[in-house]
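Residue numbers (our numbering), protein chains in the order written: chain G, 1 to 413; chain B, 414 to 787.
Presented below is the structure to which this report refers.
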């Protein structure tokens, strides 16, 4: 191993600053453990299945973790963990999260696996929206309109699925996404209109039309046009029998499997195929790609329509994947969270998936933990996802570099 | 002047195009009438709806007052988005900054007893400072860590709304005898005077002098951009950050200052709603204004005059939309569609040109926001 020969001290000022802020974060987490997580007596039950659970003594765990975190902080600040630092950070975050749950549920119990299952399900529209964002921004078109695509697709797929069947409903959702993406594409590629303006216009348009239709058409015809049975989870044989993991990942609806497949496909496509290379090229330096014979605008059109289809299926998740109907503004800003996940994940599908999971986890936690009277106002629990995202982005991710040509129309020479 | 006329003509044509498309939407969603084959009724609904839209926005003094009332916060919040755009920053956080300003303005409004001549400006100042401090956070985060303002402002909006919901239930803010998130009333001495005070006791004229504040703020924005070094440096940073840094400008502190200025405008929007319109604060004091403000700024091309005109247009649509909803069964949500279409058509002058076969130069928007930046 040559790694040992490279001294750890050769690091840039930027890295040193980051290492220091990570160390300080460990100290802050330790303080939270000491002063908050040790305040509620009793054991917390983490239910795994209907019958089995494991228990954590909330106070003991809080004290122990606090002490460990102080030690980790000292080690981080004095000499650092070198290449293990990200592993340590992940472990510390996970342990801190467990301690938080134990504190919140002390003297009671909650379905731990159910919470994680819920997390995976809730990540679907954010992930698919984010992939829609990545596909268009990687090809050089800023996509602010994810929210509009999700919302419009949710509305049309609810109507189509109520009138026909779930498959056609999902298809109509995808086509709605494609239609809005086509508007974005024609306006930004052909007419060279500012992409942010078109994107926002699409968002407003989708919000307005769906609210309008919901009020004027769906409310009076609730039973026939906005009433469907959502899909049921599909157990994947063998995989679903794996304890713990099986229930979380392999007893899910088809939307979840599609979303993971989309992440895998997008990653493989973008980094392992000719299409991906060309897509990344037209997002970074379209002139060079154009000179080498790539039809920049044609590829942009194709990728945008694909992005619309993926986001549209994400929108269909609401009526068909979980709720069974459309409500006014049902997406409630999830498309903007997806946009944040794109930036959070540095325009990489796997990174965006992580961002979506973090946000969905925070949401699932709120729903499960919200009932416990922890003495902390529920408003602060609800805002936890937002705070966590800011800390993660500001503390650990920092500046992310966008595709260079995103936002600029391409002129054929 | 000719240039202004031309752009005014395009704006007008865009509004017409938007009204035509919306008319289509109104008619095809009138399922009941169309199902009976009764086209006449569908079209008469359309006529009543658009007449209501006009009557409710300009048809009477009360309608004009409603238009101004709606335009006031849109203009101030619109300036918050426009000024950030000028510095190359995308401020989605006007909602949060409005809430911050509403809370600080509210507190000064009820915690002190002062003569109006001092109390009103002090409460407004507090609102501006509250908004500025909250707005500076994403600026500072970006300057120090590179965290993108689109992420941080979205998240700070969530944080602000839930903090306000909590604050309004605390002993300091909560109204006697109420358990929900609704605040005490501000002192009369802190209330912004009504705009049409000279009309006597017309309580239906809601417009308040927050509109004058908004006009002054528009002037300040113009003055900042045109007459000050700070404004010049902000725009230079927005145009090309690398070049601005190379020219010796402190781009990082400019980022913080620009966001603080944006926050101050939005804070005033929140403050003027509390001190001028409601007299108290609730969880919904900011509503969708911060979001609509983005459309106002985009439509106004981030210029002071443009922001003013588009805020007035949006205020008129909102006031008219309420009348329309009363007169017909067409829901007010149509206004959101209309706004989207107007933004859309104005952004695409080439399209409007093609539809109306107008001759002459159609100048595009240019770019408001230069990519995601670094």
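Each residue gets a CB set at the ideal place from its N, CA and C atoms; glycine is no exception.
Of all Cβ atoms in chain G, is any one closer than 8 Å to the Cβ of residue 493/B?
-> As a first step, residue 493/B is located in the second chain; it is residue number 80 there, counting from the start. Answer no: the Cβ-Cβ gap between residue 493/B and chain G never drops below 8 Å.
Can you find a C-beta in chain B that's less than 8 Å from the C-beta of residue 302/G?
-> Along the first chain, one-based indexing puts residue 302/G at 302. Closer than 8 Å: no.
Mind checking who residue 482/B pairs with in its DSSP beta bridge?
-> Numbered from its first residue, the second chain carries residue 482/B at position 69. DSSP lists no partner for residue 482/B.
Express the C-alpha separation of residue 109/G and residue 55/G in angstroms, rounding to a whole number.
-> Residue numbering aside, residue 55/G sits at position 55 when the first chain is read from its first letter. Residue numbering aside, residue 109/G sits at position 109 when the first chain is read from its first letter. Their Cα atoms are separated by approximately 8 Å.
Indicate whether at least one CB of chain B lies closer than 8 Å to the CB of residue 118/G.
-> Locating residue 118/G in the first chain gives position 118, where the first residue counts as 1. No - not a single Cβ of chain B is within 8 Å of the one on residue 118/G.
Since residue 761/B meets chain G, which of its residues come closer than 7 Å, beta carbon to beta carbon?
-> Position 348 of the second chain holds residue 761/B. Near residue 761/B (Cβ distances below 7 Å), the residues of chain G are 187, 191 and 193.
Residue-chain proximity (residue 658/B, chain G), Cβ-Cβ < 8 Å = Stepping through the second chain from its first residue, residue 658/B is reached at position 245. No, no contact with chain G.
Would a C-beta distance cut-off of 8 Å place residue 212/G and residue 747/B closer than the cut-off?
-> In the first chain, the residue the question calls residue 212/G occupies position 212. In the second chain, the residue the question calls residue 747/B occupies position 334. Their beta carbons are under 8 Å apart, which means residue 212/G touches residue 747/B by this criterion.
Within the same chain, show all residues whose beta-carbon is closer than 8 Å to that of residue 105/G, passing over the 5 residues directly before and after it, in chain order.
-> Position 105 of the first chain, counted from the start, is the residue given in the question as residue 105/G. 44, 45, 46, 58, 369 and 372, listed in sequence order.
Between the stretch 363-391 of chain G and chain B, which residues of the former have a C-beta closer than 8 Å to a C-beta of the latter?
-> 377, 379, 380, 382, 383, 385, 386, 387, 389 and 390
Chain-order list of residues whose beta-carbon lies under 8 Å from that of residue 183/G (same chain, five-residue window excluded) | Reading the first chain from its first residue, position 183 is the one you call residue 183/G. Counting only Cβ-Cβ distances below 8 Å, and skipping sequence neighbours, we find 198 and 202.
Would you mind telling me which residues of chain G sit closer than 7 Å to residue 732/B, beta carbon to beta carbon, in chain order?
-> To locate residue 732/B, count along the second chain from 1; it is residue 319. Result: empty, since nearest Cβ-Cβ is about 17 Å, beyond 7 Å.
Count the other CB atoms, across all protein chains shown, that sit within 10 Å of the CB of residue 41/G; report buried if there are 16 or more and exposed otherwise.
-> Residue mapping note: residue 41/G aligns to position 41 of the first chain, counting from 1. Per the 10 Å Cβ criterion, exposed.
Could you check if residue 614/B is buried or exposed, using at least 16 other CB atoms within 10 Å of its CB as the buried criterion?
-> Position 201 of the second chain, counted from the first residue, corresponds to residue 614/B. Counting Cβ neighbours within 10 Å, residue 614/B comes out exposed, since fewer than 16 surround it.
Delimiting residues of the beta strand (DSSP E) encompassing residue 45/G | In the first chain, the residue the question calls residue 45/G occupies position 45. Taken as a continuous stretch (DSSP letters only), the beta strand (DSSP E) holding residue 45/G covers 43-47.
In chain order, what residues of the same chain lie with their CB nearer than 6 Å to the CB of residue 426/B, ignoring the 5 residues before and after it?
-> The residue labelled residue 426/B in the question sits at position 13 within the second chain. Around residue 426/B: 765 and 769.
Contact check, residue 359/G vs residue 126/G under 8 Å by CB: the rounded distance?
-> Here residue 359/G corresponds to residue number 359 of the first chain, with the count starting at 1. Here residue 126/G corresponds to residue number 126 of the first chain, with the count starting at 1. Yes, they are in contact, since the Cβ atoms of residue 359/G and residue 126/G sit about 6 Å apart, within 8 Å.
Is residue 6/G helix, strand or coil by DSSP?
-> Along the first chain, read from residue 1 onward, the residue named residue 6/G stands at position 6. Residue confidence for residue 6/G is low, a pLDDT of 49 falling below 50, so the modelled location carries little weight; the figure read from the coordinates is stated next. In this structure, residue 6/G counts as coil in the three-state DSSP scheme.
Close-in-space but distant-in-sequence residues of the same chain around residue 639/B (CB under 6 Å, 5 per side omitted) = Here residue 639/B is taken as the residue at index 226 of the second chain, counted from 1. Hits under 6 Å: none found.
At which residue ranges does the stretch 732-756 of chain B contain complete beta strand (DSSP E) runs of 3 or more residues, listed in the order of the chain?
-> none
Beta strand (DSSP E) segment containing residue 101/G, residue limits | Working through the first chain from its first residue, we reach residue 101/G at position 101. Run containing residue 101/G: none in the beta strand (DSSP E); it sits in the alpha helix (DSSP H), 85-104.
Whole-angstrom Cβ separation of residue 702/B and residue 208/G, contact assumed at under 8 Å?
-> Residue mapping note: residue 702/B aligns to position 289 of the second chain, counting from 1. Residue mapping note: residue 208/G aligns to position 208 of the first chain, counting from 1. With a Cβ gap of about 16 Å, residue 702/B and residue 208/G do not count as contacting.
Would you decide whether residue 551/B is buried or exposed? Buried here means 16 or more other CB atoms lie within 10 Å of its CB.
-> Numbered from its first residue, the second chain carries residue 551/B at position 138. It counts as buried.
Of all the alpha helix (DSSP H) runs that stay within the bounds of the stretch 216-288 of chain G, which reach a length of 4 or more residues?
-> 222-225, 245-250, 254-272 and 274-284
Rounded separation between residue 306/G and residue 194/G - CA only | Taking the first residue of the first chain as position 1, residue 306/G is located at position 306. Taking the first residue of the first chain as position 1, residue 194/G is located at position 194. Going from the Cα of residue 306/G to the Cα of residue 194/G covers about 21 Å.
In three-state DSSP terms, what is residue 349/G?
-> In the first chain, residue 349/G corresponds to position 349, counting from 1. Note: residue 349/G maps to helix in three-state DSSP.
When the cut-off is 8 Å and only beta carbons count, does residue 579/B lie next to chain A?
-> Absent from the structure is chain A; the protein chains it does hold are G and B.
Specify the secondary structure class of residue 555/B as computed by DSSP and reduced to three states.
-> The residue you call residue 555/B lines up with position 142 of the second chain. Residue 555/B falls in the helix class under three-state DSSP.
In chain order, what residues of the same chain lie with their CB nearer than 8 Å to the CB of residue 63/G, ignoring the 5 residues before and after it?
-> Numbered from 1 along the first chain, position 63 holds the residue referred to as residue 63/G. 33, 34 and 38, listed in sequence order.
Between the Cα of residue 740/B and those of 428/B, 486/B, 468/B and 429/B, spot the shortest distance and give me the residue it belongs to.
-> For the purposes of this step, residue 740/B is taken as the residue at position 327 of the second chain. The residue with the shortest Cα to Cα distance from residue 740/B is 468/B.
Taking Cβ positions only, does residue 531/B come closer than 8 Å to chain G?
-> For the purposes of this step, residue 531/B is taken as the residue at position 118 of the second chain. No - not a single Cβ of chain G is within 8 Å of the one on residue 531/B.
For the candidate residues 113/G, 86/G and 155/G, whose alpha-carbon lies nearest to that of residue 365/G?
-> By 1-based counting over the first chain, the position of residue 365/G is 365. It is 113/G.
Where residue 367/G falls, given that 16 or more other Cβ within 10 Å makes a residue buried = By 1-based counting over the first chain, the position of residue 367/G is 367. Under this definition residue 367/G is an exposed residue.
Can you give the Cα-Cα distance for residue 525/B and residue 605/B, rounded to whole angstroms?
-> As a position in the second chain, residue 525/B is number 112, starting the count at 1. As a position in the second chain, residue 605/B is number 192, starting the count at 1. Each residue's Cα considered, the two are about 15 Å apart.
Going along the chain, which unbroken runs of the alpha helix (DSSP H) with 4 or more residues stay wholly within the stretch 545-612 of chain B?
-> 562-580
Among residues of its own chain, excluding the 5 on either side of residue 692/B, which ones have a beta-carbon nearer than 7 Å to its beta-carbon?
-> For the purposes of this step, residue 692/B is identified with residue 279 of the second chain, where counting begins at 1. Hits under 7 Å: 598, 599 and 604.
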